[in-house]
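Participant:
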Amino acid sequence: MWCKICNKIVNDKKCPDCGNRTQEDIPIKVYWCDTCSIPIIKEVNDKTIHQCPLCEDEIKYIGKDLRPVFPEERLLIEVLKDKPLKYKDASVWSSANRYYINGSRYRISTKEMKEANPNKIRNQILKYQEKNKNTYNGFYEIIKKFIKANKERLNKLKNEAHSFIQKSREGYKDIQVIVSFSGGKDSTVVSDLVMKALSNPKIVHIFGNTTLEFPLTIEYKDRFRKNNPKTILREAKNTDQEFYTVCDEIGPPSRVMRWCCTMFKTGPINRVISSIFREKSVLTFYGIRKFESTSRSKYDRIYDSPKILKQKVAAPIFNWRDIDLWLYMLAENLDFNDAYRLGYDRVGCWCCPNNSERSHFLNEIYMPDQTKKWRNYLIDFAKKIGKPDPEVYVDSGNWKARQGGYGVDAAKDVKIVYTNCTTEVNAKIYSLNRPLSDEFYNLFIPFGKVSKELGRKLIGEVLVLHPKTNIPIISIQPFKTDEYETSVKIQTLNVKDYDKVQRMISYQVRKYNACKKCLGCETVCIYRAIKVGNDGYKIDENKCKRCMKCVTAKHLEYGCLMGKYLFTASSSEEDNWSEI
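Just so you know, UniProt numbering puts the end of the sequence shown at 580, numbered straight through with nothing missing.
1. Between which two residues does the beta strand (DSSP E) harbouring Ile429 extend?
2. Between which two residues does the alpha helix (DSSP H) containing Tyr303 stretch?
3. One question on the structure: do Pro388 and Ile379 come within less than 8 Å of each other, judged by their Cβ atoms?
4. Relative to the C-alpha of Thr217, which candidate in Trp374, Asn319, Tyr344 and Lys202 has its C-alpha closest?
5. How close, in whole Å, do the beta carbons of Lys60 and Lys29 come, if the pair is a contact with beta carbons under 8 Å?
6. Got a sec, what are the start and stop residues for the beta strand (DSSP E) Ala314 sits in?
7. DSSP three-state label for Leu443, please.
8. Along the chain, where does the alpha helix (DSSP H) containing Ala236 start, and where does it finish?
9. For Asp248, which of Gly407, Ala339 and Lys457 has the nearest alpha-carbon?
10. Taking the beta strand (DSSP E) that Cys33 falls in, what are its first and last residues?
11. Give the straight-line distance between the Cα atoms of Ile317 and Leu283, rounded to the nearest whole angstrom.
12. Considering only the alpha carbon of each residue, which of Trp32, Lys564, Cys525 and Ile178 lies closest to Val414?
13. Is it the case that the Cβ atoms of Ile429 and Lys489 are separated by a distance below 8 Å?
14. Report the option in Lys144, Ser163, Ser451 and Asp222 whose CA atom is closest to the CA atom of Leu198.
15. Is there a C-beta anywhere in chain D that falls below 8 Å from the one on Leu198?
16. According to DSSP, simplified to helix, strand and coil, what is Leu561?
17. Please go through the same chain and pick out, in chain order, the residues whose beta-carbon is closer than 6 Å to the beta-carbon of Lys214, but skip the five residues on each side of it.
18. If distances are taken between C-alpha atoms only, which option among Lys226, Lys83, Asn426 and Ile323 comes closest to Arg496?
19. Hey, could you find the ends of the alpha helix (DSSP H) Gly138 is sitting in?
20. Three-state secondary structure (DSSP) at Phe479?
21. Taking only the alpha-carbon atoms, compute the straight-line gap between Lys185 and Ser305 and give it to the nearest angstrom.
22. Between which two residues does the beta strand (DSSP E) carrying Gly63 extend?
23. May I ask you to list the residues that DSSP assigns as paired with residue 582?
24. Please report how far the alpha carbon of Ile526 lies from the alpha carbon of Pro118, in whole angstroms.
25. Drop a sphere of 10 angstroms on the beta-carbon of Glu112, count the other beta-carbons inside from all chains shown, and report buried for 16 or more, exposed for fewer.
26. Run the CB neighbour count on Thr423, radius 10 Å, all protein chains shown included, and call it buried at 16 or more, exposed below.
27. Give a yes or no on whether the C-beta atoms belonging to Ile147 and Ala401 are separated by under 8 Å.
28. On the three-state DSSP scale, how would you describe Thr211?
29. Near Asp540, what residues of its chain come up, given a Cβ to Cβ distance below 6 Å and the 5 sequence neighbours on each side ignored?
30. Straight-line CA distance for Leu561 to Cys518?
31. Check this for me: beta carbons of Tyr441 and Asn337, under 8 Å apart or not?
32. Hey, quick one: how far does the alpha helix (DSSP H) through Trp350 stretch, first residue to last?
33. Are the beta-carbon atoms belonging to Val256 and Gln403 less than 8 Å from one another?
34. Would the beta-carbon of Leu566 fall within 8 Å of that of Ile250?
35. Would you kindly check if the distance between the Cβ of Leu436 and the Cβ of Pro478 is under 8 Å?
Spelled out as structure tokens, the structure:
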């Protein structure tokens, strides 16, 4: 354990000297050896910190992290600088937009990328592509030295990760263990570590195909399946939805409204886990690292998943840097996603609003058709919602900060429109945007037993009975009014907290009016009782244990994620409850 305050190793979760909470990893610094022309990874407490382990020459500090630049990306840099193949024999490394060529620092600015002509660059790369392939021999000679110089770091990483994996697996059988496999470098390393640590190549891998993957990611996934024939690789994919169609309905995702994650990733993965493991608890090894983002730095290394219930998440490489990942992959001779050779730092969804300007620049070069289609779509959307200068709105990246459903017709559906009933106490009349049907009554299964038989047939009443006492607690009645085209009167009966129950009822009304099959409800249901598909929203009364998680804002914001994604200032005009 490491105390950041005292700058030393301690053997407890708290430092005995200052009382500060210690961290599991020991901070590293990356140095450069001019003689060997390679980076050297050193822990901050290393006494030989200024010495290269190969040549014993003095080394200089270069940064906190680094990654290798493959010949394909190196050629891109050369073309940008109008110097094709100039650095073909050099040792080239990178951190963000900073490049280190034989230890000297160079920078590719965002301005340079924006002003560059993608078509011209693409043609230049194609022109020198064959000659560039011949530079790989020299590249791998540099990598061999890099691995040899950092062997001690590599062994420490492997031993610690194997120990963590084996300890995390205690209490689980191998058939309850999953590797979340995205096709990126992090999950590639985790996959290899888990299978080696558990000595089992048959560990289940789940690949979440968001339908927005890089083509190279799909190619790598197919190679992984071929190269690991004993590994069980299941693909999770939402076949009920199409990305552009959903964008038409609720608008494109943004940094604060990433509905795509639930709909195209978490939801489908949850379905696959449910189909394989039913109600068993599972342990999933993820490639989460704390250095990837501020939010991830706050995660624990092992925790209960907030998104997929009955799942414990463990992160073997939580404390690894980029340079650690590449040291491991190159030393273990692992196959990996070729997008990294082109210069991509991350390979999630290619059009993700969280992607950097650099990723967008690479997309214009290597995925011109898809990039053009997406830009045109965003411009059309900007016009649709009334932006005065659509192209500036898109090209400046302002679309990534979009919040709520402003300008989107579906935003009207999340607004809960109701009036208090003047003839019956504890009753509200809710407006529906479609006719009352069995699907609506089905939404009340979490509250109790839905009974059409015991209700007053003359007025079409349906009662919901307390699951234990069979006492009526909710009355649902079709209702005709001049104010609402389609409406329903819902009255609470024999309940102490009228406001709380009506609040939860309003969430179900919102689902009925606004459901876009985002799969959020499916994911939150620990008993796998909820299914959302082309045939509607269904709750299985035989599976539902009435835990009420699907009707509380704690587990589903706004009681329905569409409320979260499509909320506007006018959405709350009708709300008497601050939670809605």
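C-beta: ideal position from N, C-alpha, C; glycine also.
Facilitator: For this structure:
1. Taking the sequence shown and counting its residues from 1, the one referred to as residue 429 is at position 429. Unbroken beta strand (DSSP E) run through Ile429: Ala427 to Leu432.
2. Position 303 of the sequence shown, counted from the first residue, corresponds to residue 303. Element bounds for Tyr303: not the alpha helix (DSSP H) but the beta strand (DSSP E), Ile302 to Asp304.
3. Taking the first residue of the sequence shown as position 1, residue 388 is located at position 388. Taking the first residue of the sequence shown as position 1, residue 379 is located at position 379. No, these two residues do not count as a Cβ contact at 8 Å.
4. On the sequence shown, residue 217 is found 217 positions in, with the first residue counted as 1. For Thr217, the nearest C-alpha among the options comes from Tyr344.
5. By one-based count along the sequence shown, residue 60 stands at place 60. By one-based count along the sequence shown, residue 29 stands at place 29. In fact, because the Cβ distance is near 11 Å, the residues do not count as touching under 8 Å.
6. Mapped onto the sequence shown, residue 314 falls at position 314. Here the beta strand (DSSP E) through Ala314 covers Gln311 to Ala314.
7. If you number the sequence shown from 1, residue 443 lands on position 443. The answer is coil: DSSP assigns Leu443 none of H, G, I, E or B.
8. Counted from its first residue, the sequence shown places residue 236 at position 236. In the DSSP assignment, Ala236 falls outside any alpha helix (DSSP H) and lies within the beta strand (DSSP E) extending over Ile232 to Ala236.
9. Here residue 248 refers to the residue found at position 248 when the sequence shown is read from its first residue. If you compare the alpha carbons of Gly407, Ala339 and Lys457 with that of Asp248, the shortest gap goes to Gly407.
10. Indexing the sequence shown from 1 puts residue 33 at position 33. Ile28 to Cys33 is the span of the beta strand (DSSP E), which, as asked, contains Cys33.
11. In the sequence shown, residue 317 corresponds to position 317, counting from 1. In the sequence shown, residue 283 corresponds to position 283, counting from 1. C-alpha separation (whole angstroms): 15 Å.
12. Translated into the one-based positions of the sequence shown, residue 414 becomes position 414. Shortest Cα-Cα distance from Val414 to any of Trp32, Lys564, Cys525 and Ile178 involves Lys564.
13. Along the sequence shown, one-based indexing puts residue 429 at 429. Along the sequence shown, one-based indexing puts residue 489 at 489. Taking 8 Å as the Cβ cut-off, Ile429 and Lys489 qualify as a contacting pair.
14. The residue given as residue 198 occupies position 198 in the sequence shown. Of the candidates Lys144, Ser163, Ser451 and Asp222, the one whose C-alpha sits nearest the C-alpha of Leu198 is Ser163.
15. Here there is only one protein chain, and chain D is not present.
16. The count along the sequence shown starts at 1 and reaches residue 561 at position 561. Leu561: helix per DSSP, three-state reduction.
17. Within the sequence shown, the letter at position 214 stands for residue 214. For clarity, residue 214 is Phe in the given sequence; the question names Lys instead. Answer for Phe214: Ala339, Val347 and Trp350, listed in chain order.
18. As a position in the sequence shown, residue 496 is number 496, starting the count at 1. Residue identity differs from the one stated: residue 496 is Lys in this sequence, not Arg. The shortest Cα separation from Lys496 among Lys226, Lys83, Asn426 and Ile323 belongs to Asn426.
19. As a working mapping, residue 138 is identified with position 138 in the sequence shown. The continuous alpha helix (DSSP H) containing Gly138 extends over residues Tyr136 to Ala149.
20. By 1-based counting over the sequence shown, the position of residue 479 is 479. DSSP places Phe479 in strand when its eight states are reduced to three.
21. The residue labelled residue 185 in the question sits at position 185 within the sequence shown. The residue labelled residue 305 in the question sits at position 305 within the sequence shown. If I take the Cα positions, the gap works out to 22 Å.
22. As a first step, residue 63 must be located in the sequence shown, where it is residue number 63. According to the DSSP assignment, Gly63 belongs to the beta strand (DSSP E) that extends over Lys60 to Gly63.
23. The structure shown does not extend to residue 582, since the chain spans only 1 to 580, so no value can be given for it.
24. Residue numbering aside, residue 526 sits at position 526 when the sequence shown is read from its first letter. Residue numbering aside, residue 118 sits at position 118 when the sequence shown is read from its first letter. Straight-line Cα distance between these residues: approximately 48 Å.
25. In the sequence shown, the residue the question calls residue 112 occupies position 112. Result: exposed.
26. Against the sequence shown, residue 423 aligns to sequence position 423. The residue is exposed, with fewer than 16 neighbouring Cβ atoms inside 10 Å.
27. The residue you call residue 147 lines up with position 147 of the sequence shown. The residue you call residue 401 lines up with position 401 of the sequence shown. No, the pair does not count as a contact, with Cβ atoms beyond the cut-off.
28. Here residue 211 refers to the residue found at position 211 when the sequence shown is read from its first residue. Thr211 falls in the coil class under three-state DSSP.
29. Stepping through the sequence shown from its first residue, residue 540 is reached at position 540. So the list reads Ala529, once near-sequence residues are dropped.
30. Position 561 of the sequence shown holds residue 561. Position 518 of the sequence shown holds residue 518. Taken atom to atom, the span from the alpha-carbon of Leu561 to that of Cys518 is near 8 Å.
31. On the sequence shown, residue 441 is found 441 positions in, with the first residue counted as 1. On the sequence shown, residue 337 is found 337 positions in, with the first residue counted as 1. No.
32. As a first step, residue 350 is located in the sequence shown; it is residue number 350 there, counting from the start. Counting along the chain, Trp350 falls outside any alpha helix (DSSP H), and DSSP gives it neither H nor E.
33. As a first step, residue 256 is located in the sequence shown; it is residue number 256 there, counting from the start. As a first step, residue 403 is located in the sequence shown; it is residue number 403 there, counting from the start. When the beta-carbon positions are compared, Val256 and Gln403 come within less than 8 Å of each other.
34. As a first step, residue 566 is located in the sequence shown; it is residue number 566 there, counting from the start. As a first step, residue 250 is located in the sequence shown; it is residue number 250 there, counting from the start. Result yes, Cβ atoms of Leu566 and Ile250 sit closer than 8 Å.
35. Numbered from 1 along the sequence shown, position 478 holds the residue referred to as residue 478. Numbered from 1 along the sequence shown, position 436 holds the residue referred to as residue 436. If you check the CB distance, Pro478 and Leu436 come in under 8 Å.
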